[in-house]
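Residue numbers 1 to 661, in the UniProt record's numbering, belong to the letters of the sequence shown in order.
Note that CB positions come from ideal geometry on N, CA and C, so glycine has one too.
Please read these numbers as outputs of a predicted model, since none were measured by experiment.
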Amino acid sequence: MAASCSTSNTSGNNADCTSPSPTETIITESGDKGVPGTSSVVVVEPATESSCQGETEDSGGAESPAGDEDNEEEGEGWGEDEEEGSAGEDNQVEDCALLAAATVTPVKGTACSVSPIPATNEASVSRTWRKRKLEVQNGFPSKKLFPEDKTVASSLKKTHEGCIPLEKVKVQRSVIPSKDNPPPEMYDWLYQFQRWSNAERLLAIDQLIDTCEPTQVRHMMQVIEPQFQRDFISLLPKELALYVLSFLEPRDLLRAAQTCRSWRFLAEDNLLWREKCREAGIEEVRETVARKRQRGSASTVTSPWKAAFMRQHAIEMNWRIKPIRPPKVLKGHDDHVITCLQFSGNRIVSGSDDNTLKVWSATTGKCLRTLVGHTGGVWSSQMSGSIIISGSTDRTLKVWNAESGQCIHTLYGHTSTVRCMHLHGKKVVSGSRDATLRVWNIESGECLHVLVGHLAAVRCVQYDGRLVVSGAYDYMVKVWNAEREECLHTLQGHTNRVYSLQFDGLHVVSGSLDTSIRVWEVETGACRHTLMGHQSLTSGMELRNNILVSGNADSTVKVWDIVTGQCLQTLSGPNKHQSAVTCLQFNSRFVITSSDDGTVKLWDVQTGEFIRNLVALDSGGSGGVVWRIRANETKLVCAVGSRNGTEETKLLVLDFDVESK
């Protein structure tokens, strides 16, 4: 930049001179395309009186340049500026242009003539400078009006350097950072940053954050946070997106479906919900969907597997927390004891010591058939489809048609009470107090095999179609090959009667009056674990997927892992049964237990926590008893009565189905 003064050689009158006042600042908008949106603040410090006057006095008023030594030094500085690059050149040209706009008219081949500014003309100078300042603020001069050639810029500098030395002009640039207007040095820094290793980059970021002010750190957070809010699920291929969503709990999937349309499409995928159904133990969906369509349920759910899962969840909530509907009461058998109970589909079969069996409708609660034919009390039964098999104290087994109530076969052979049986396919194995077991064909009524070896009454039996496992009052458990009528293993270890058995094809679990439960390996006959913890007779057990639930006469229920032998849960506490546990059943979510105290309790199988009482007889504690229970997904059947006449013998049917009216 430069400022100019002009004087006449023939007169001593002062011509117009433009010079900034000591307190004024020029603010100009740059017209350079390379630096859009920037502004320059130019603070001009006026030269001292001696500097201007000295130059004119030395020249004797002639139009010759003054201060050659200073010009040489400034020329060297100008050369250095040229080496700084295009950014420095732009600044120098802009400076020259601004000062040139302050009424300097350079004369080709000559230097600027300068006359000292008299003190009496300060008001005129101020007015002139304000006028020039207004022109600059209004957009003149523009950098585009001046060539960017270095020689031209140099000539402008040298032309005006006699008025105000360049070292007296300070340029304060106020650059607003943006993607379109980054500082020139930023590219060098980014280039170097990209060449660093990951460790070096992290170190640089740490150092950068340490030097930032709080406002700058907040800016970083505002820039970074949206990167973590990106919808990455929608960007993934469908297979990967479904894999990610498969780790969510069902309730989280339902929430995700409310996020946006694309997430809803993924969260309702049939394959995704089929996997959730598999985890929940739901294997079939056709029956559920067909039933819903038949009842005209208008559902907006697109996935049938999701519909099945949602239905089961609603049923689970009915079991857990919803008010229990008044049960259906099925009265029969007078005041006799219900000794055995079966429940399959819509059919309930109860056997009693009144020598009869009754077939009931689980939906209506009506007695469909009464099976009469035994001459002694019925103590055991099995059911498959429309076939019912019963064992009695009259030493016979009978095969019944549940639809017609007709006795198809009477199986003779045992010489004492038929105390237990197990049906598999078309064969049934019966155990008797005569210490023998018999294998029967229920279609022909023929006795196929007789298994002899126990020394006392056979109390429990299991059959998987290949092997027969029996427990008896002789303290022993035996494994049989029924086809060869051969005892493969005699499992010895109990010190009292064996009352209960479970067999899954690999393990045999036996419960005894000696308070212990033993886990045996069926192929070798070795005892793998002895489960201790109960204080009395283990009256009932159930085994699923290596998880065993045992009920005991000491009023407690325990959950075991038969692989490790560890007791996972003890279902006790302030809400435990107050008398012997008579029966139990469990699935992947619940354990249902009944007791001599007249209650049926619901427990959480995973945590062992008591959920609530499903049945509580008014006569409980004074003679009322729940003898047997059977349950499916939506219904619970309880056989109740008393030993002293305080409770009428009956069946209670509780319904937890969401579709029930």
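As assigned by DSSP and simplified to three states, the class of residue i
i	result
CYS163	Below a pLDDT of 50, predicted positions are generally treated as unreliable, and CYS163, at 47, falls in that range; the measurement from the model is reported next regardless. Correct three-state label for CYS163: coil.
ASP252	helix
LEU190	helix
HIS219	helix
ARG195	helix
VAL605	coil
GLU73	With a pLDDT of only 42 at GLU73, under the threshold of 50, the placement of this residue in the model should not be trusted; the figure read from the coordinates follows. Helix, per DSSP.
THR211	helix
ARG438	strand
THR110	Interpretation of THR110 is limited by its pLDDT of 44, a score under 50 that renders its predicted location unreliable; no figure is taken from the coordinates.
ASP206	helix
ARG278	helix
SER575	The sequence as given places Asn at residue 575; Ser does not occur at that position. It is coil, neither helix nor strand.
ASN270	helix
GLU633	coil
PHE656	coil
ILE224	helix
GLU185	helix
MET476	coil
ASN644	coil
VAL136	Residue confidence is low: VAL136 scores 47 on pLDDT, short of 50, so the model does not pin down where it sits. No coordinate-derived value is stated.
LEU145	Because the pLDDT of LEU145 is 38, which lies under 50, any placement of that residue in the model is unreliable, and the question is left without a value.
TRP78	Only weak support exists for where TRP78 lies, its pLDDT of 42 falling under 50; the value from the coordinates is given anyway. Here TRP78 sits in helix by DSSP.
GLN406	coil
LEU331	A small fix is needed here, since residue 331 is Lys in this sequence, not Leu. Strand, per DSSP.
GLY88	Its pLDDT being 43, under 50, GLY88 is placed unreliably in this model, and the value from its coordinates should be taken loosely. If DSSP states are grouped into helix, strand and coil, GLY88 belongs with the helices.
GLU485	coil
GLY623	coil
LEU411	strand
ARG515	For clarity, residue 515 is Thr in the given sequence; the question names Arg instead. The answer is coil: DSSP assigns THR515 none of H, G, I, E or B.
LYS179	coil
ASN613	strand
Opening and closing residue of the alpha helix (DSSP H) in which residue i lies
i	result
LYS306	304-320
ARG264	261-267
LYS238	238-245
ILE233	232-235
Top-ranked residue by Cα proximity to residue i, from the options
i	options	result
LEU651	ILE408, GLN342 and LEU467	GLN342
ILE592	ASP561, ARG628, GLY573 and LEU568	ARG628
ALA257	ALA267, PRO250 and LEU248	ALA267
LEU411	GLY445, MET532 and GLY373	GLY445
VAL372	LYS366, GLY565, SER404 and SER344	SER404
ASN644	VAL625, CYS638 and ASP657	VAL625
VAL508	ASP514, LEU543 and GLU486	LEU543
ARG438	ARG497, ALA457 and HIS414	HIS414
LEU368	ASP561, ASN198, LEU236 and SER350	SER350
ILE442	TYR499, VAL399, GLY598 and GLU316	VAL399
THR530	VAL522, ILE547, SER510 and CYS638	SER510
PHE586	ASN613, GLU213 and SER550	SER550
SER386	HIS374, ARG320 and SER361	SER361
CYS620	VAL605, VAL600, TRP273 and GLU200	For the sequence presented, residue 620 should be read as Gly rather than Cys. Taking only the C-alpha atoms, the option nearest GLY620 is VAL600.
SER390	GLY365, THR417 and THR364	THR417
Identity of the residues DSSP links to residue i by a beta bridge
i	result
PHE503	VAL508
ARG201	Looking at the DSSP assignment, ARG201 forms no beta bridge with any residue, so it has no partner.
GLY540	GLY551
ALA639	ARG628 and LEU651
THR593	LEU584 and LYS601
GLN492	Paired residue(s): none; GLN492 is not in a bridge.
TRP520	VAL508 and CYS527
SER444	SER444 pairs with nothing; no bridge assigned.
THR570	LYS558
GLY376	DSSP, once it has assigned bridges, lists no residue as partnering GLY376.
HIS422	VAL429
Enclosing beta strand (DSSP E) for residue i [first to last residue]
i	result
SER392	387-392
SER430	427-432
THR370	367-372
ARG466	Looking at the DSSP string, ARG466 is not in any beta strand (DSSP E), and its letter there is neither H nor E.
LEU397	397-401
VAL337	Neither: VAL337 is in no beta strand (DSSP E) and is coded neither H nor E.
beta-carbon residue i near the ligand SAM non-hydrogen atom, thresh 7 Å
i	result
LYS478	Absent from the structure shown: the ligand SAM. Ligands present: none.
contact_flag[the segment 413-427, the segment 453-471] where n(CB pairs < 8 Å) is 3 or more: yes
The segment 562-576 / the segment 603-623 touching (three or more Cβ pairs under 8 Å): yes
Inter-stretch contact (C-beta, 8 Å, three-pair minimum) for the segment 579-592 and the segment 528-548: yes
Sufficient close CB pairs (3 or more, under 8 Å) joining the segment 233-251 to the segment 212-220: no
Three or more C-beta pairs below 8 Å linking the segment 514-525 and the segment 482-492: yes
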